[in-house]
């Protein structure tokens, strides 16, 4: 790799790796896994950054790669699991990462509510509501149509509110 | 309408998640160092090996802990009783910044602001655990000067607000809520000091 190439990569890493890590932590729920997957994501970026064609924002492109890396990881996890109740999903009973716990009870409860939903709902909520990607960008990252993004976001929000209500009266405050 | 806004706020608060600066550097260094081989088979094999090793280590540690609970060592001050074993909680992440004064604690909010270092490096956490959860307290510790505010986050209990200061190559830690001063083991003080110096250079407290 040339120096110019390395410097370009370093800039991309410095600017976006924390955001990619945050996205992966929300998706996987474990900081060690998120850090490993961030590494895997940027290894792919390192190899393929010259293929970035500028059709989308670079962060959208990075999250698309990160999402593929995370889905590969979840699939591997499922293959190694003998009993699974929900396809590819992570156990909702696992404790929230400490980085989320320190943000306060409401945020932690919201996170747990999201993690209890099925994976497609989790993904669309993380991208649309938390990371605030547009419908078009979300569709690009997930490989869905824009109308599917809209419908799924609306269903995911309804499911989230139902889940939060189910989880107790304290949650009423944040709905 | 208000509730809907609050939900949006909670979504936004999940948008920014702190990340250890040290881990970020390590990951970057690994990426630029690795010349990736063809992975899939090796990767899965390595995962299996890692899981197996973790499983074996958990078994060994559980067996050891069980033995210690059933037959606690009676030799010397290091002997732990059952209550102490359960009372000790592991520190999972720490925040460090320069102190404004000996009395004021500077890490109440906005832990991701500039000047606050997030540390979850394994050896640092181990040293903090040993120092705080151990009983290595000192009576004639030097006065706190040019210290640091240290926030210790535990798994399963409230965080600890501490002051940390360095004097003549030794590192001292004091919980805000108690008078007792703990001293970092001499053999580890050097590493703690050099890590703080590195952070000062990188983050500029």
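Chains as they are written, first to last, in my numbering: chain A, 1 to 175; chain B, 176 to 380. C-beta: ideal position from N, C-alpha, C; glycine also.
Counting only runs of 4 or more residues that sit fully inside the stretch 3-47 of chain A, the alpha helix (DSSP H) segments are 3-28, in chain order.
Following the DSSP letters along the chain, one finds residue 345 of chain B inside the beta strand (DSSP E) bounded by residues 345-350. Against chain A, a Cβ distance below 7 Å from residue 186 of chain B picks out 129, 130. Judged by DSSP in its simplified three-state form, residue 312 of chain B adopts strand. For residue 280 of chain B, the closest of B/206, B/208, B/195, B/349 by C-alpha to C-alpha distance is B/349.
Shown here, residue 287 of chain B sits in coil according to DSSP, grouped into three states, outside any helix or strand. Residues of chain B with a Cβ closer than 7 Å to the Cβ of residue 38 of chain A are, in chain order, 202.
Contact annotation: residue 33 of chain A and residue 73 of chain A have beta-carbon atoms nearer than 8 Å.
Using a CB distance cut-off of 8 Å, residue 106 of chain A counts as an interface residue toward chain B. For residue 15 of chain A, the closest C-alpha among the options A/62, A/111, A/51, A/35 is that of A/62. With contacts defined as CB atoms closer than 8 Å, residue 160 of chain A and residue 109 of chain A fail to qualify as a contacting pair. At a cut-off of 8 Å between C-beta atoms, residue 269 of chain B does not count as an interface residue with respect to chain A.
Beta bridge pairing from DSSP links residue 236 of chain B with no other residue. Cβ neighbours of residue 70 of chain A within its own chain (closer than 8 Å, five residues either side excluded): 24, 27, 28, 37. With three or more CB-CB distances shorter than 8 Å, the stretch 267-278 of chain B counts as touching the stretch 330-346 of chain B. One finds nothing in chain A with a Cβ atom closer than 8 Å to the Cβ of residue 333 of chain B; even the nearest lies about 11 Å away. The closest CA to that of residue 17 of chain A, considering only A/66, A/158, A/141, is found on A/66. The beta carbons of residue 123 of chain A and residue 140 of chain A sit no closer together than 8 Å. Against chain A, a Cβ distance below 7 Å from residue 336 of chain B picks out nothing, because the smallest value is about 13 Å. Using beta-carbon distances, residue 228 of chain B does not count as an interface residue toward chain A, since no partner is under 8 Å. Among the residues of chain A, those whose CB is under 8 Å from the CB of residue 191 of chain B are 22, following chain order. Contact annotation: residue 330 of chain B and residue 372 of chain B have beta-carbon atoms that are not nearer than 8 Å.
Cβ atoms of residue 151 of chain A and residue 189 of chain B stay farther apart than 8 Å, at about 23 Å. Take the alpha-carbon of residue 54 of chain A and the one of residue 12 of chain A: they are about 14 Å apart.
Interface annotation, residue 35 of chain A: in contact with chain B, CB-CB separation under 8 Å.
Look at residue 72 of chain A here: in three-state DSSP terms it is helix. For residue 293 of chain B, the enclosing beta strand (DSSP E) stretches over residues 292-294. Using beta-carbon distances, residue 71 of chain A does not count as an interface residue toward chain B, since no partner is under 8 Å. Cβ-Cβ separation between residue 202 of chain B and residue 39 of chain A: approximately 5 Å, consistent with a contact (criterion under 8 Å).
Residue 377 of chain B is outside the set of residues whose beta carbon lies under 8 Å from a beta carbon in chain A. In the three-state DSSP reduction, residue 356 of chain B falls in the strand class (E or B). Residues of chain A whose Cβ lies closer than 7 Å to the Cβ of residue 288 of chain B do not exist; the shortest such Cβ separation is about 14 Å.
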